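Using this note's numbering, you'd call the opening residue of the sequence shown number 2 and step up by one each time. A virtual CB, placed ideally from N, CA and C, is assigned to each residue, including glycine. From a predicted model like this one, the values you see are computed outputs, not experimental measurements. To keep things clear, I will list the structure first and then write my remarks on it.
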Amino acid sequence: MAQIETCPSCGDIYVKNQFRDVCQKCWKEEEQAYDQVSRFMRKRENRAATILQVVEAVGIEEELLLKFIRSGRLKVTQFPNLGYPCDKCGTIIRAGKLCEPCALEIKKDLEQHIKDEEFKAEQLKREKGTYFTSKNSK
């Protein structure tokens, strides 16, 4: 069944599908912007352009350029100065969702959590010790 959504770009109502996350009108505008970015980046002298240089030269919003990079339409392997922000700290990265320091920090936190849970389980196990009662207590 089709899902009715509000376009995040313009606010119009549209039928969402698996290929587009904006309305038809905004999708066409995005496609035109992608063509402009693609033409700009194909020129040899522009291949080393940074995100800000591309945004200024083409006249699009930075968020739209980041959308092209995240979706894989612009390959960061071909353009050494393009990337997108880490989901945690905002450092520019070229792969994944987190930069290496943030990923290591989360890994350390998870390892510490596991150790804490094991310690708590061991404490509970010790507290549940066996208690003996004598039969003669009256």
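For Phe80, same chain residues with a beta-carbon under 7 Å away, outside a window of 5 residues either side, are Met42 and Arg48 in chain order. Bounds of the beta strand (DSSP E) holding Gln4 are Gln4 to Thr7.
In this structure, the straight-line span from the alpha carbon of Ala58 to that of Glu6 is close to 32 Å. Just so you know, the alpha carbons of Ser39 and Gln113 end up roughly 45 Å apart.
The Cβ-Cβ distance between Glu62 and Val55 does not fall below 9 Å. Here Asp88 is near Lys98, since their CB atoms are less than 9 Å apart.
In this structure Ile52 is not in contact with Leu75, their Cβ atoms being roughly 10 Å apart against a cut-off of 8 Å.
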